[in-house]
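Right, one structure below, let's go through it.
2 protein chains.
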Amino acid sequence: MNIIDGKETARKIKQEIAAEVKKMTDAGERPPHLSAILVGHDGGSESYMANKVKACAECGFNSDLIRFDEDITEEQLLKEIQKLNENPDVDGFIVQLPLPKHIDEQKITEAIDYRKDVDGFNPINVGRLSIGLPGFRSATPAGIIDLLDRYGIETKGKHAVVLGRSNIVGKPVAILLMQKAQPGDCTVTVCHSSTKNLKEICREADIIVAALGRPGFVTEDMVKPGAVIIDVGTTRVPDATRKSGFRLCGDVDFDNVAEKCSYITPVPGGVGPMTICSLMKNTLLARKGLFNK
Amino acid sequence: MNIIDGKETARKIKQEIAAEVKKMTDAGERPPHLSAILVGHDGGSESYMANKVKACAECGFNSDLIRFDEDITEEQLLKEIQKLNENPDVDGFIVQLPLPKHIDEQKITEAIDYRKDVDGFNPINVGRLSIGLPGFRSATPAGIIDLLDRYGIETKGKHAVVLGRSNIVGKPVAILLMQKAQPGDCTVTVCHSSTKNLKEICREADIIVAALGRPGFVTEDMVKPGAVIIDVGTTRVPDATRKSGFRLCGDVDFDNVAEKCSYITPVPGGVGPMTICSLMKNTLLARKGLFNK
Chain A
0 MNIIDGKETA RKIKQEIAAE VKKMTDAGER PPHLSAILVG HDGGSESYMA
50 NKVKACAECG FNSDLIRFDE DITEEQLLKE IQKLNENPDV DGFIVQLPLP
100 KHIDEQKITE AIDYRKDVDG FNPINVGRLS IGLPGFRSAT PAGIIDLLDR
150 YGIETKGKHA VVLGRSNIVG KPVAILLMQK AQPGDCTVTV CHSSTKNLKE
200 ICREADIIVA ALGRPGFVTE DMVKPGAVII DVGTTRVPDA TRKSGFRLCG
250 DVDFDNVAEK CSYITPVPGG VGPMTICSLM KNTLLARKGL FNK
Chain B
0 MNIIDGKETA RKIKQEIAAE VKKMTDAGER PPHLSAILVG HDGGSESYMA
50 NKVKACAECG FNSDLIRFDE DITEEQLLKE IQKLNENPDV DGFIVQLPLP
100 KHIDEQKITE AIDYRKDVDG FNPINVGRLS IGLPGFRSAT PAGIIDLLDR
150 YGIETKGKHA VVLGRSNIVG KPVAILLMQK AQPGDCTVTV CHSSTKNLKE
200 ICREADIIVA ALGRPGFVTE DMVKPGAVII DVGTTRVPDA TRKSGFRLCG
250 DVDFDNVAEK CSYITPVPGG VGPMTICSLM KNTLLARKGL FNK
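So the sequence lines, in the order shown, correspond to chains A and B.
Quick note: the first sequence uses numbering that gives the first Met the number 0, first residue 0, plus one each step.
Quick note: the second sequence uses numbering that gives the first Met the number 0, first residue 0, plus one each step.
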């Protein structure tokens, strides 16, 4: 069994990005600039955001974090987004989700100019990913594809089973895995809460992508010997022995499944660091003018 | 076994649309207007186009067919599209594919304003379909969903196997079938040219959507008794006994499969008429201001 080390892979990719940025700045060009909007003080969001700001520094990007109190109105937030859309010094920006309930997340997501939508959540980028056109790919699915690629895992003709049908992981990763590409070219099955005989379907899988948000859901008896296991789950489970009071739990029963599979991503240190890495890759692409702005 | 009569279902839907249009015009409003661009004189395209114009008449729509010779340049065609984008009397329009080789189909598709893109091929509409937002759904997938709906076929928790991963049928129908909706909520497997043990996968299917363009590909031994068979194939096969010199052939070996399944769409008269019907539905939606233009 091989551990897919997302942290180490992400470190390498960030080094590659940093080298490219250095060439840019050595040539007198401006480095990429990522802005981030954070509303309120949610613990998870704060920690994700800190990691993103740190990754920007590692890549040699400029970045800034724009904070608003929880009581910002939707209208005010839309105005701030408009400012970033129009700011020529900002290559890409993200609005950290979740947002307070009085703000319509879909409306906010759609307000971000698709040419700066480095999270890849705008319908234009979702559609371009589906069609197979260049665009900003949703960060977690792109990170998973990068892991399969960097580890040289053969995917053509393999049966990939995706657990979960969310807009930000399940559906886009299913589409990427079925595209005629390498990695890709898989037969893909998407399972979810209404799926019957889910265990049997998983046992047929050469590759399982678990993105349900249900800690320890994928057990040893659901895995074919030699399968590749990608664990996207990151549920915070209370843990009194930790200083933080919690630990991150994946969707896979790691200890038992690990013995049976050929490759597995740990939680933390698997898909998570790759997600941030994809955001950096998208920001670099934005700086290089992916949409010829 | 029940035949899913797409022709009859389409007739009913067009009647419903016509009734709604009559209410519009009785109230002194303008009826929906669909424009269509046809480049060159491809036999298939001519016949599809004639059917679309006829459907417009049946629904009480205004329509016009704008013809260009095969030697029109990409630039000229883009200008014509711009005119239609800006024409307030045109609610929606389509550019019949395929186009001559010197014209970039993707570029043309993207040039159509998404608010008039009643074929649903623009990345914005593709993305909106994937996310589950209102938009113009790609016509063939939407027609398939309508058939399942009108025939009251239970889909929740069923295993749907989609054969083919094209941008206009395979991928969007897979997405629609997996959405939490009725019809929908299926476990979905997408198979294609790189799929191994395709026969075995089909034999597990409660619903098969065949969209490979390979005449007679789905044979009786690939079908579970009682399965629902949706045949999207429309290959022209030479046939000297026909006046036209060809007949339309589906992807399913109809005669043998029909005996084994619970529902089946014939070719012709199944999915085909529904595709045109979806185009009419989208045009009506456009007239009613789906995107609040």
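Note that the Cβ used here is the ideal one computed from N, Cα and C, for glycine as well.
| said: Looking at chain B, is there any beta carbon in it that lies within less than 7 Å of the beta carbon of Met-0 (chain A)? | reply: Position 1 of the first sequence, counted from the start, is the residue given in the question as residue 0 (chain A). False, the Cβ-Cβ gap to chain B never drops below 7 Å.
| request: With a threshold of 6 Å, establish whether the CB of Glu-79 (chain A) neighbours any heavy atom of the ligand ADP. | output: The ligand ADP is absent from the structure shown, which contains no ligands of any kind.
| said: Below 8 Å on the Cβ atoms is my contact criterion, and I expect Asp-70 (chain A) with His-32 (chain A) to pass it. Report the Cβ-Cβ distance as a whole number of Å. | reply: Numbered from 1 along the first sequence, position 71 holds the residue referred to as residue 70 (chain A). Numbered from 1 along the first sequence, position 33 holds the residue referred to as residue 32 (chain A). With a Cβ gap of about 28 Å, Asp-70 (chain A) and His-32 (chain A) do not count as contacting.
| My guess is that Gly-59 (chain A) and Val-117 (chain A) are in contact by the Cβ rule of under 8 Å, so how many angstroms apart are they, rounded? | Here residue 59 (chain A) refers to the residue found at position 60 when the first sequence is read from its first residue. Here residue 117 (chain A) refers to the residue found at position 118 when the first sequence is read from its first residue. Not a contact, Cβ separation roughly 16 Å.
| request: Pair every Cβ in the stretch 256-274 of chain A with every Cβ in the stretch 236-243 of chain B, then say whether three or more of these pairs are closer than 8 Å. | output: No, because fewer than three Cβ pairs between the stretch 256-274 of chain A and the stretch 236-243 of chain B fall closer than 8 Å, the two stretches do not touch.
| query | Within 7 Å (strictly less), CB to CB, does Lys-195 (chain A) reach chain B? | reply | Against the first sequence, residue 195 (chain A) aligns to sequence position 196. Closer than 7 Å to some Cβ of chain B, the Cβ of Lys-195 (chain A) qualifies, so yes.
| field | For Ala-35 (chain A), the first and last residue of its enclosing alpha helix (DSSP H) | value | Counting from 1 along the first sequence, the entry for residue 35 (chain A) is found at position 36. No alpha helix (DSSP H) holds Ala-35 (chain A); the beta strand (DSSP E) holding it covers 32-38.
| field | Within-7 Å CB hit, Cys-190 (chain B) to chain A | value | For the purposes of this step, residue 190 (chain B) is taken as the residue at position 191 of the second sequence. Judged by the 7 Å Cβ criterion, Cys-190 (chain B) is in contact with chain A.
| query | If we cut at 7 Å on Cβ distances, does Met-177 (chain B) have a partner in chain A? | reply | Counting from one through the second sequence, the residue named residue 177 (chain B) turns up at place 178. By this cut-off, Met-177 (chain B) is an interface position.
| is_contact[Asp-184 (chain A), chain B] using C-beta, thresh 7 Å | Here residue 184 (chain A) refers to the residue found at position 185 when the first sequence is read from its first residue. Chain B contact via Cβ: present.
| query | Could you check where the alpha helix (DSSP H) with Arg-10 (chain B) kicks off and where it finishes? | reply | Here residue 10 (chain B) refers to the residue found at position 11 when the second sequence is read from its first residue. Where Arg-10 (chain B) is concerned, the enclosing alpha helix (DSSP H) stretches over 5-25.
| task | Please check if any C-beta of chain B sits within less than 7 Å of the C-beta of Arg-127 (chain A). | result | On the first sequence, position 128 is the one that residue 127 (chain A) refers to. Answer yes: the Cβ-Cβ gap between Arg-127 (chain A) and chain B drops below 7 Å somewhere.
| task | Answer with buried or exposed for Ser-192 (chain B), where buried requires no fewer than 16 other C-beta atoms within 10 angstroms of its C-beta. | result | Taking the first residue of the second sequence as 1, we reach residue 192 (chain B) at position 193. Flag for Ser-192 (chain B) reads exposed.
| said: Quick check on the burial criterion: 16 or more other C-beta atoms within 10 angstroms. Buried or exposed for Glu-109 (chain B)? | reply: Here the question's residue 109 (chain B) lines up with position 110 in the second sequence. Burial call: buried.
| Beta-bridge partners of Arg-246 (chain A), as assigned by DSSP | Numbered from its first residue, the first sequence carries residue 246 (chain A) at position 247. Per DSSP, A:Val-236.
| query | Given 8 Å as the limit, is there contact between the stretch 152-163 of chain A and the stretch 182-189 of chain A, that is, 3 or more CB pairs closer than that? | reply | Below 8 Å, enough C-beta pairs join the stretch 152-163 of chain A and the stretch 182-189 of chain A to call them touching: three or more.
| Proximity of Gly-126 (chain B) and Ile-174 (chain A) at Cβ, strictly below 7 Å | Reading the second sequence from its first residue, position 127 is the one you call residue 126 (chain B). Reading the first sequence from its first residue, position 175 is the one you call residue 174 (chain A). Contact: no.
| task | Taking only beta carbons into account, state which residues of the stretch 150-173 of chain A come closer than 7 Å to chain B, listed in chain order. | result | For the stretch 150-173 of chain A, which is checked against every Cβ of chain B, the residues closer than 7 Å are Lys-155, Gly-156, Arg-164, Asn-166, Lys-170.
| Contact check, Asp-220 (chain B) vs Asp-250 (chain B), beta carbons under 7 Å | Walking along the second sequence from the start, residue 220 (chain B) turns up at place 221. Walking along the second sequence from the start, residue 250 (chain B) turns up at place 251. No. Outside cutoff.
| Skipping 5 residues on each side, what residues in its chain have a beta carbon closer than 6 Å to that of Ile-206 (chain A)? | Taking the first sequence and counting its residues from 1, the one referred to as residue 206 (chain A) is at position 207. Excluding positions up to five away in sequence, the list reads Lys-157, Ala-159, Val-227.
| Closer than 7 Å at the beta carbon, the chain A residues around Ile-107 (chain B) | Reading the second sequence from its first residue, position 108 is the one you call residue 107 (chain B). Within chain A, no residue comes near Ile-107 (chain B); the closest Cβ sits about 14 Å away, beyond 7 Å.
| request: For Phe-120 (chain A), name the three-state secondary structure that DSSP assigns. | output: Your numbering for residue 120 (chain A) matches position 121 in the first sequence. The three-state secondary structure of Phe-120 (chain A), taken from DSSP, is coil.
| request: Taking Arg-149 (chain B) as part of the alpha helix (DSSP H), name the residues at either end of that continuous run. | output: Here residue 149 (chain B) is taken as the residue at index 150 of the second sequence, counted from 1. Where Arg-149 (chain B) is concerned, the enclosing alpha helix (DSSP H) stretches over 138-149.
| Where does Ile-102 (chain A) fall in DSSP's three states? | Here residue 102 (chain A) is taken as the residue at index 103 of the first sequence, counted from 1. Coil, per DSSP.
| said: Against chain A, does Val-187 (chain B) count as a neighbour if the rule is that its beta carbon must be under 7 Å from one of theirs? | reply: Mapped onto the second sequence, residue 187 (chain B) falls at position 188. Interface residue, yes.
| message | Measuring CB atoms only, is the stretch 93-100 of chain B touching the stretch 79-94 of chain A, in the sense that at least three cross pairs come out at less than 8 Å? | response | no
| field | Host beta strand (DSSP E) of Thr-282 (chain A) (start-end) | value | If you number the first sequence from 1, residue 282 (chain A) lands on position 283. No beta strand (DSSP E) contains Thr-282 (chain A), which is instead part of the alpha helix (DSSP H) from 270-286.
| Contact list for Asn-132 (chain A) against chain B, beta-carbon separation under 9 Å | For the purposes of this step, residue 132 (chain A) is taken as residue 133 along the first sequence, with counting starting at 1. Per the sequence shown, residue 132 (chain A) should be read as Leu rather than Asn. The contacting residues are Gln-105, Glu-109, Pro-122.
| task | Write down the C-beta distance between Ile-130 (chain A) and Asn-166 (chain B) rounded to the nearest angstrom, noting that I regard them as a contact closer than 8 Å. | result | Against the first sequence, residue 130 (chain A) aligns to sequence position 131. Against the second sequence, residue 166 (chain B) aligns to sequence position 167. With a Cβ gap of about 5 Å, Ile-130 (chain A) and Asn-166 (chain B) count as contacting.
| request: Go ahead and pull the three-state DSSP assignment for Gly-42 (chain B). | output: For the purposes of this step, residue 42 (chain B) is taken as the residue at position 43 of the second sequence. Note: Gly-42 (chain B) maps to helix in three-state DSSP.
| said: Do Ala-35 (chain B) and Cys-276 (chain B) have their beta-carbon atoms positioned less than 7 Å apart in this structure? | reply: Working through the second sequence from its first residue, we reach residue 276 (chain B) at position 277. Working through the second sequence from its first residue, we reach residue 35 (chain B) at position 36. Taking 7 Å as the Cβ cut-off, Cys-276 (chain B) and Ala-35 (chain B) do not qualify as a contacting pair.
| said: Mapping the DSSP letters down to three states, classify Ala-209 (chain A) as helix, strand or coil. | reply: Within the first sequence, numbered from 1, the residue matching residue 209 (chain A) stands at position 210. Strand, per DSSP.
| query | So, is Asp-145 (chain B) buried or exposed, given that buried needs 16 or more other C-beta atoms within 10 angstroms? | reply | Numbered from its first residue, the second sequence carries residue 145 (chain B) at position 146. Looking at its Cβ environment, which holds 16 or more other Cβ atoms inside 10 Å, Asp-145 (chain B) is buried.
| So what does DSSP say about Thr-188 (chain B), is it helix, strand or coil? | Along the second sequence, one-based indexing puts residue 188 (chain B) at 189. It is a strand residue.
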